[in-house]
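As structure tokens, the structure follows; a few thoughts come after it.
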Amino acid sequence: MHKSRYKRGQSSGSSKQSGLPKRPPLTHFLCLPLVTEISKPQLEASLFQFQESLSTKFADGLPAVNDAPRKLGQAPRTLLIPPRAIRPVGTIHFTLGVMSLETGSRVQEAVEFLKGLDVKTMVEESLRKNDLSNISLTSLHCMHEPESTSVLYAGPGEDSNGLFQTAVSIQDLFIKQGYLIPDDRPFKLHATIVNTIYSNTYQKRSPRFNAEGLLNEWKDFLWAKDFPIEKVALCEMGAKKIRDANGEIVGEEYEEIASIPFLA
């Protein structure tokens with residue numbers, strides 16, 4: 001998810017600084033999870049390849065092997081993108097919108113509304129225009145200007161208009177019921193690949209970087225192909241760490257509160 005710079009439970013705005021009413025804390029989000037039995041090994045391989053490539057790219061724009069002498073006391077070279085900014089496989093999804101559900105009863109209301117959703121009819125209507133049975137995840141885009149961004153994402157492949165329309169229909173229903181917070185920005189089906197808010201730099205703002213070279217290099221990349229979207233899910237903000245039997249962190253996932261099948 002394209003994560004806000006505010007942590008779970010924090011306000012998404014400051015009334016002290018702006019004089020505007022305090023915005024509600026973001027607690028949950030609605031999404032189309034993209035990790036399936038078919039896509040997971042593909043995404044794992046693609047993200048590994050991406051991370052390996054980034055290990056040789058530095059913020060100064062110079063080649064990885066740079067013979068220029070280092071000045072005494074000069075700081076070590078900084079990677080273009082910190083490794084922790086790359087999102088774990090288990091978190092990859094298309095975000096439909098964010099929520100502020102501050103009570104258990106409010107969460108339950110949203111769950112019941114999700115369970116009563118007639119996604120099948122929406123999908124059937126879209127199927128008349130496009131085949132939604134399988135999708136692909138391709139390319140690399142940025143949320144801001146390429147020369148100064150903090151978020152990179154992949155999008156659906158070609159012929160994704162039917163998926164887009166279905167996603168917008170679901171989003172609209174949740175907005176009308178007051179569960180999703182309206183967003184004036186144009187809706188994009190995006191799967192976050194990089195977000196520097198996770199890089200632990202302890203800066204007030206997410207660190208920015210120049211992504212022009214990366215966007216060109218990865219514009220035709222296929223992250224995963226021919227896999228189904230299996231469900232619509234309501235998840236808690238904040239990915240949870242997954243540990244193995246020895247207590248070692250082996251991944252991260254968002255906690256799913258409820259879900260319904262996407263293609264019944």
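Reminder that position 27 of the sequence shown reads as 27 in UniProt numbering, one-by-one numbering, no gaps.
Don't be surprised by glycine CBs; every beta carbon is placed ideally from N, CA and C.
Beta strand (DSSP E) segment containing residue i, residue limits
| i | result |
| --- | --- |
| A110 | Unbroken run through A110 is the alpha helix (DSSP H), G104 to K115; no beta strand (DSSP E). |
| L32 | H28 to P33 |
| D172 | Not the beta strand (DSSP E): D172 falls in the alpha helix (DSSP H), residues N161 to K176. |
| P156 | V151 to P156 |
| S227 | The sequence given here has Phe at residue 227, not Ser. Looking at the DSSP string, the run of the beta strand (DSSP E) that includes F227 is L222 to F227. |
| R243 | K240 to R243 |
| L234 | K231 to E236 |
| N195 | A191 to N195 |
| G247 | Where G247 is concerned, there is no enclosing beta strand (DSSP E), given that its DSSP letter is neither H nor E. |
| S139 | I135 to C142 |
| E256 | E256 to P261 |
Neighbour-count burial assignment, residue i, 16 or more Cβ in a 10 Å radius
| i | result |
| --- | --- |
| V107 | buried |
| I229 | buried |
| P76 | exposed |
| R87 | buried |
| T78 | exposed |
| G162 | buried |
| N246 | exposed |
| I242 | exposed |
| S206 | buried |
| V65 | exposed |
| S105 | exposed |
CB contact flag (residue i, residue j, <9 Å)
| i | j | result |
| --- | --- | --- |
| L189 | F164 | yes |
| A154 | H144 | no |
| A191 | Q42 | no |
| L180 | F174 | yes |
| G157 | L137 | yes |
| R84 | S150 | no |
| I197 | L47 | no |
| L96 | Q177 | no |
| S199 | P63 | no |
| M122 | S169 | yes |
| L30 | V98 | yes |
| E252 | T91 | yes |
Beta-carbon proximity list for residue i, same chain, < 7 Å, skipping 5 on both sides
| i | result |
| --- | --- |
| residue 270 | Here the chain covers residues 1 to 264 and nothing more, so residue 270 does not appear. |
| K231 | P33, S259, I260, P261 and F262 |
| S100 | P24, P25, L26, T27 and I181 |
| L80 | L54, K57, F58, A59 and F209 |
| V111 | L234, I257 and A258 |
| I135 | P156, G157, S160, L163, F227 and I229 |
| H93 | M1, C31, L32, P33, L34 and A191 |
8 Å CB neighbourhood of residue i in its chain, flanking five on each side removed
| i | result |
| --- | --- |
| W218 | F50, S139 and L140 |
| E44 | V89 |
| P146 | N210, A211, E212 and L215 |
| S148 | R208, F209 and N210 |
| A167 | L32, F94, L96, F187 and L189 |
| V119 | T166, I170, V232, I260, P261, F262 and A264 |
| K115 | A258 and I260 |
Limits of the unbroken alpha helix (DSSP H) element including residue i
| i | result |
| --- | --- |
| E217 | E212 to E217 |
Residues of its chain near residue i, where Cβ-Cβ distance is below 6 Å and the 5 sequence neighbours each way are ignored
| i | result |
| --- | --- |
| P182 | I175 |
| V250 | I242 and D244 |
| I38 | F227 |
Quick check for students: name the residue ranges of the beta strand (DSSP E) that lie wholly in the segment 41-105, counting only runs of 3 or more. 93-99
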